[in-house]
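> Residue numbers (UniProt numbering): 1 to 983. Sharing a structure here in structure tokens format.
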Amino acid sequence: MDPAEGNRLRFCRFIRSFQCEKVPCDLFVRACEPKLTWSSSGEVVERLPLEAGVPEWVTDLYNTNKHLLHDAGHGAHIGGLEIIIENGVTYFEVATAIKPETELCQLSSIADERSMAQERIGVFLQAFPSINIEIIGEEIVERLIDIAKRSILPLLLCVTEADIIDWLFPKNRWDLESYIFSFFEFLYQVIAFLGVEHPLLPLSLPERILNTAPHDLGNDSIVTLRKVADIVKHFKDNGPDLLDDKPLPPGTETDQRSHAMLGYFLSLQNNYFSKALKTWQPLLSNSPSQMEYLAAISFCDQSRLALSDRPAILTLDTRVLEGLLRSRRKQYDQAAKALEATRVELVAQYGPCSMQLGIVTSELANCYNVLRREALAEFTLTQSLELRRDSNLSNRRDEIYLRLALADSFIGQAKYKNALPILENIIDKPNISATFRMMSALRLTRSRRRMHGDAREAFKQKSPLWTGLSLLDIVPDVLVMEYVEELGCCISQLPKRELEDSNNVRDLVKAVNSALRTSSSVTSNPCWEWYTNCQQEYSGQIRNATMADKRKRWDEVLQNEDPIRIRTPISPWSPASSCPSPRAVDDTFVDKGPWSERSVLSFDGGGVRAISSLLILKRIMQKIEMLELTHPDGPCYSSSDSMWSPRDRSDPLIIPEESDRIERYFPCHYFDYVAGTSTGGLMLGRLRMSVDQAIDNFINFGNTVFGRPRLFHTTSAYFPSRTKYPAANVRRAFQNITKAAACIWDNSAWDLIGDNSIFQENNGGIRTIVLSFHLKGSPKKIWRSWDHKEETRIWEVASATSATPGYFDAIEIDGATYLDGSLVANNPSYRALEEVLTIHRKVPVLFINIGTGTQDGNDVTFRSDTKWRDLRWRDRLQRPNRLFEHTVTEFYADSETKQFLQLARDEGLEEVYRLSAREDLQAIPFDDWQPAVTGKKTVQEITNITNEYLDKDEVRKMIDRIAKEAVRIRRARARTEQWKRFI
């Protein structure tokens, strides 16, 4: 093969190994250029790519294509990858890249997996910025953080001490010290960005790295770094007992870089380490290093900062960062002076359209606005934007900063009409980040409110408040609180006791309350209490006005109605009353009689462990069958049995054994709603299968899919974009399930049969809720079987709710891409209860949640557990998706269950049950299927564990109560006209 072609294929594989749909070109460019970093003395130095472990073939490829990368246009190609431009940032388009057909056959000739892992980390650390050394450092961190979450952090989580020695450390031990500091800088910034509770953080790795490093390496700095490693390792513990007032023992020798690093890590948990942080100051207060000086500005109070002199020499970027950090600490006057002094040099060094100048100008204008010098801010911003008029930067982040600052300067001068078009333009661009759109929506709402227009306009559909509602779950908490505060202000200005447009207000308030009720960081804030009082006061006024209006209308009816008719009403539930046609009225909204007693069934996600959920449900159905056959009012031989369906009395009454199949009693006749994050809810709800039919179809799915993995897939570092199971097999398995369901019921009940069966249906039967993760916009996608605005095929919904990353391909439906619903909520019960409360405005009488052996949150075992670390490197790399399963899904499952149970208690739901086999079931992998042809060993193992759980006395008692309540409700409904439509 031609060497150039070989490098092209190698580069394609390398970029795809980061496991992102698009990879910022900055990763490649920055990795191949000298990096500004900190020396041991805390001064700015450059580190060359080869010193950082960037492979030579990568730098050679960069040098060959440098002219294209620095002046790339949309659609250009480098190394076989197309370049796209989004919001002024260039990316390699990985998702649409064509995989070379020769890739598989070259597997034996490419470098081993360890080498690629080492190259990947070397390139990433060289591209990742050092702490507070570049003006655009935080912008670059945000661009690269997705790569960190998808590729680097999972890789670091599963390295062992042997891996650290074999391939993680650079071969040249003279580069080792700076390499370790690069890792610590990376870890600090990732923790600051993601938060200390993020499950992918390798918090034990710093200690293991230092334990593995040579003992004679930088002794002065290693002592300090060991203290940093100890802090990081215990971030999730109770911090107050970890450190004394002084973080280092008296007399400890260290260098400026390590000392600054210690201060930065202490500041991450300021509430725990506040005493130790207050004692931190530069090693030499009269001549601090640049790194220590910027660290002191970042977290030292004013009195302690005043004890240190300003360094005699500061680079242009560090002088700018001095101003930016002072602004962040609300030292606006000092910040403005520092930023003003750099603008001329910035234009000369970076250019008038540079992001560096845009960031500085917008922050300078923000300082002016806070200092009530809005006219000067307006002048500064107008001048800067005029220089950029001809450039295509309208969606780049610094351009948005400038326009938001300009809008603020107009608002500060009460020039609201000037601010409105700027803010409307930002809101109307869906490609702009959710944070910017929310900031604009809040400013726009506030400006219109201050213009004293009609207060009801703020609540109309498509208003900024409604736009902000869709962004609440993807913006920072500080913006959520600002939204709540602004919503309260708008409510307080509504006309008193006016019913017109009150529905818009109630709908928005209800949606906001539903979205935020479980966010303790929001509901514990004082402004939430004020907002609650505002909405309650308004609701009381509307309620009084509504009652007065109803009394008025009733008086008019009494004056005109026939008195005899008034005294002889006919109950709507009387047999004499007419039954509406099946398509005219959806009876799930008729909350009267036995139909007001709603019951809900929900299933957790869990891969093959879902068989356990079905076995638990089967035990419930067995008890239901027993109660139906032995009921005092007479036996029912089928769950559809009613006054309209004849009974088969020819067969003698036989009480079945627990092992028998349950073919005549269907869960869909005992529950109003079924919710899930995978196929279980679909089979029992929308497809209306019996529990045994669902088990049979799940086993067939396992044989078709889990028993036939790809030979080469994402388990190899060289094939990151290939999921473990082929999409064709998955689609065929889901379509087979749909076809099997078509044979169960009369085909006339289906709008379409087989592959084209539509998930949304119009009958009045059981309703199905399934969840998916939406890759763009709001991550939560709820598929509702009664949502007639959509027409999605059942197999598509099944694929969308089951597409677990690494195992199954994501699916695109109507231009949107969806992944496994467990990424939204592994336990969908909370979402399901919200839906029922929203629709019926009352709690269900029965709610059953069946789990898949999920651990309690306190017992979660992360990837640093002994069994995982004892595996060989190749074996660990062969099972990377367990990382997702155990560190993300398992971590949140228990908290989701607790949130659901808390909501149930708050709403007064009494009959709520959580059934889940625990202990050994949790240890069964997501896709375990042994043997591959039948899965009998896996199924038997799950069955044994589940039966052991079901044999417990307390579980049997719960099942008895559930079955009795379900039978009571079904029999009461079977006597009504609506029953025929429901079944």
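A virtual CB, placed ideally from N, CA and C, is assigned to each residue, including glycine. None of the values given here were measured: they were computed from a predicted structure.
Out of curiosity, what's the CA-to-CA distance linking Tyr483 and Ala511?
To locate residue 483, count along the sequence shown from 1; it is residue 483. To locate residue 511, count along the sequence shown from 1; it is residue 511. Cα to Cα, Tyr483 sits roughly 13 angstroms from Ala511.
> Out of Ile850, Ala312, Glu977, point me to the one whose CA is closest to Glu43's CA.
Here the question's residue 43 lines up with position 43 in the sequence shown. Of the candidates Ile850, Ala312, Glu977, the one whose C-alpha sits nearest the C-alpha of Glu43 is Ala312.
> Out of Phe193, Thr817, Leu203, Phe181, which one is the CA nearest neighbour of Ser221?
Locating residue 221 in the sequence shown gives position 221, where the first residue counts as 1. For Ser221, the closest C-alpha among the options Phe193, Thr817, Leu203, Phe181 is that of Phe181.
> Over what stretch of residues does the beta strand (DSSP E) that includes Phe666 continue unbroken?
Residue 666 sits at position 666 when you count from the first residue of the sequence shown. Run containing Phe666: none; DSSP gives neither H nor E here.
> Counting only the same chain and skipping the five closest in sequence on each side, list residues whose C-beta sits under 8 angstroms from that of Met683.
Within the sequence shown, residue 683 is the residue found at index 683, counting from 1. Around Met683: Met689, Gln693, Ala694, Asn697, Phe698, Ile737, Ala741.
> With 16 as the cutoff for other CB atoms within 10 Å, does Thr380 come out buried or exposed?
For the purposes of this step, residue 380 is taken as the residue at position 380 of the sequence shown. Buried.
> Would you check if the stretch 604–623 and the stretch 919–935 touch, i.e. whether three or more CB-CB distances between them fall below 8 angstroms?
yes
> Taking the CB atoms as reference points, tell me whether Ile84 and Leu68 lie closer together than 8 angstroms.
Position 84 of the sequence shown, counted from the start, is the residue given in the question as residue 84. Position 68 of the sequence shown, counted from the start, is the residue given in the question as residue 68. No, they are not a contact pair.
> Have a look at Ser41, Met958, Met116, Ile136 and flag the residue whose alpha-carbon is nearest the alpha-carbon of Arg30.
Stepping through the sequence shown from its first residue, residue 30 is reached at position 30. Measuring from the Cα of Arg30, the nearest candidate turns out to be Ile136.
> List in chain order: all unbroken alpha helix (DSSP H) runs of 4+ residues lying wholly within the stretch 109–162.
113–127, 137–147, 153–157
> Evaluate contact between the stretch 824–832 and the stretch 673–682, counting only Cβ atoms and requiring at least three cross-stretch pairs below 8 angstroms.
yes
> The beta strand (DSSP E) spanning Glu812 covers which residue range?
Translated into positions along the sequence shown, residue 812 becomes position 812. First-last of the beta strand (DSSP E) with Glu812: 811–813.
> Could you pull the DSSP bridge partners for Tyr818 from this structure?
The sequence position of residue 818 within the sequence shown is 818, counting from 1. Per DSSP, His774, Ile811.
> Quick check: what's the CA-CA separation for Tyr62 versus Phe28?
For the purposes of this step, residue 62 is taken as residue 62 along the sequence shown, with counting starting at 1. For the purposes of this step, residue 28 is taken as residue 28 along the sequence shown, with counting starting at 1. Straight-line Cα distance between these residues: approximately 8 angstroms.
> Does the distance from the CB of Thr723 to the CB of Asp809 come in under 8 angstroms?
On the sequence shown, position 723 is the one that residue 723 refers to. On the sequence shown, position 809 is the one that residue 809 refers to. Yes, the Cβ-Cβ distance between Thr723 and Asp809 is below 8 angstroms.
> Measure how close the beta-carbons of Leu471 and Ala434 come, nearest whole angstrom, since I'm counting them as under 8 angstroms.
Stepping through the sequence shown from its first residue, residue 471 is reached at position 471. Stepping through the sequence shown from its first residue, residue 434 is reached at position 434. Their Cβ separation, rounded to whole angstroms, is 5 angstroms, which keeps Leu471 and Ala434 in contact under 8 angstroms.
> Do Gly685 and Ser785 have their C-beta atoms within less than 8 angstroms of each other?
Within the sequence shown, numbered from 1, the residue matching residue 685 stands at position 685. Within the sequence shown, numbered from 1, the residue matching residue 785 stands at position 785. It is a contact, given that the beta carbons lie within the stated cut-off.
> Expressed to the nearest angstrom, what Euclidean distance is found between the alpha-carbon atoms of Asp255 and Leu125?
Locating residue 255 in the sequence shown gives position 255, counting from the first residue. Locating residue 125 in the sequence shown gives position 125, counting from the first residue. Taking the straight line from one Cα to the other gives about 22 angstroms.
> Assuming Leu423 is part of the alpha helix (DSSP H), what are its boundary residues?
Position 423 of the sequence shown holds residue 423. 416–427 is the extent of the alpha helix (DSSP H) around Leu423.
> Rounded C-beta distance between Leu316 and Glu345? I'm assuming under 8 angstroms.
Looking up residue 316 in the sequence shown gives position 316. Looking up residue 345 in the sequence shown gives position 345. Indeed, because the Cβ distance is near 5 angstroms, the residues count as touching under 8 angstroms.
> Hey, would you say Tyr670 sits closer than 8 angstroms to Arg767, going by beta carbons?
Residue mapping note: residue 670 aligns to position 670 of the sequence shown, counting from 1. Residue mapping note: residue 767 aligns to position 767 of the sequence shown, counting from 1. The answer is no: Cβ separation not under 8 angstroms.
> Measure from the alpha carbon of Leu385 to the alpha carbon of each residue in Arg506, Ile422, Glu139, then state which is nearest.
Along the sequence shown, read from residue 1 onward, the residue named residue 385 stands at position 385. Selected option, being the one with the closest Cα: Ile422.
> Mind checking whether Pro202 and Val228 have CB atoms under 8 angstroms apart?
To locate residue 202, count along the sequence shown from 1; it is residue 202. To locate residue 228, count along the sequence shown from 1; it is residue 228. Cβ distance not < 8 angstroms, so Pro202 and Val228 don't count as in contact.
> Using the Cβ count rule (16 or more neighbours within 10 Å means buried), how would you classify His259?
What you label residue 259 is simply residue 259 of the sequence shown in a count that begins at 1. So His259 ends up on the buried side.
> Taking the continuous beta strand (DSSP E) assigned at Asn849, which residues delimit it?
Position 849 of the sequence shown, counted from the start, is the residue given in the question as residue 849. Asn849 -> beta strand (DSSP E) spans 846–850.
> Rounded to the nearest angstrom, what separates Ile359 and Gly468 at their Cα positions?
Start at 1 with the first residue of the sequence shown, and residue 359 comes out as number 359. Start at 1 with the first residue of the sequence shown, and residue 468 comes out as number 468. Here the alpha carbon of Ile359 sits roughly 25 angstroms from the alpha carbon of Gly468.
> Which word fits Leu950, buried or exposed, when buried means at least 16 other C-beta atoms lie within 10 angstroms of its C-beta?
As a working note, residue 950 is residue 950 in the sequence shown. That one is buried.
> Helix, strand or coil: which one does DSSP assign to Ala365?
In the sequence shown, residue 365 corresponds to position 365, counting from 1. Reduced to three states, the DSSP call for Ala365 is helix.
> Under a three-way DSSP split, which group does Glu486 fall into?
Here residue 486 corresponds to residue number 486 of the sequence shown, with the count starting at 1. Note: Glu486 maps to helix in three-state DSSP.
> Quick check on the DSSP output: the beta strand (DSSP E) that includes Leu36 runs from which residue to which?
Looking up residue 36 in the sequence shown gives position 36. From DSSP, the beta strand (DSSP E) with Leu36 extends over 35–38.
> Could you compute how far the alpha carbon of Ser327 sits from the alpha carbon of Gln334?
Along the sequence shown, one-based indexing puts residue 327 at 327. Along the sequence shown, one-based indexing puts residue 334 at 334. Those two C-alpha atoms are separated by around 8 angstroms.
> For the stretch 401–419 against the stretch 454–462, do three or more pairs of beta-carbon atoms, one drawn from each stretch, fall closer than 8 angstroms, so that the two count as touching?
Two segments are said to touch when three or more pairs of C-beta atoms, one from each, lie closer than 8 angstroms; by this definition the stretch 401–419 does not touch the stretch 454–462.
> Hey, out of Arg257, Pro214, Leu187, whose CA is closest to Val232's CA?
Here residue 232 refers to the residue found at position 232 of the sequence shown. Nearest C-alpha to Val232: Leu187.
> Report the CB separation of Met261 from Phe193 in whole angstroms; it is logged as a contact under 8 angstroms.
To locate residue 261, count along the sequence shown from 1; it is residue 261. To locate residue 193, count along the sequence shown from 1; it is residue 193. Contact doesn't hold; Cβ gap of about 17 angstroms is too wide.
> Using only the alpha-carbon positions, how far apart do Gly376 and Thr897 sit?
The sequence position of residue 376 within the sequence shown is 376, counting from 1. The sequence position of residue 897 within the sequence shown is 897, counting from 1. Before going on, a small fix: residue 376 reads as Leu here, not Gly. Roughly 53 angstroms separates the two Cα atoms.
> Does the distance from the CB of Pro288 to the CB of Asp309 come in under 8 angstroms?
Start at 1 with the first residue of the sequence shown, and residue 288 comes out as number 288. Start at 1 with the first residue of the sequence shown, and residue 309 comes out as number 309. Yes, the pair counts as a contact, with Cβ atoms nearer than the cut-off.
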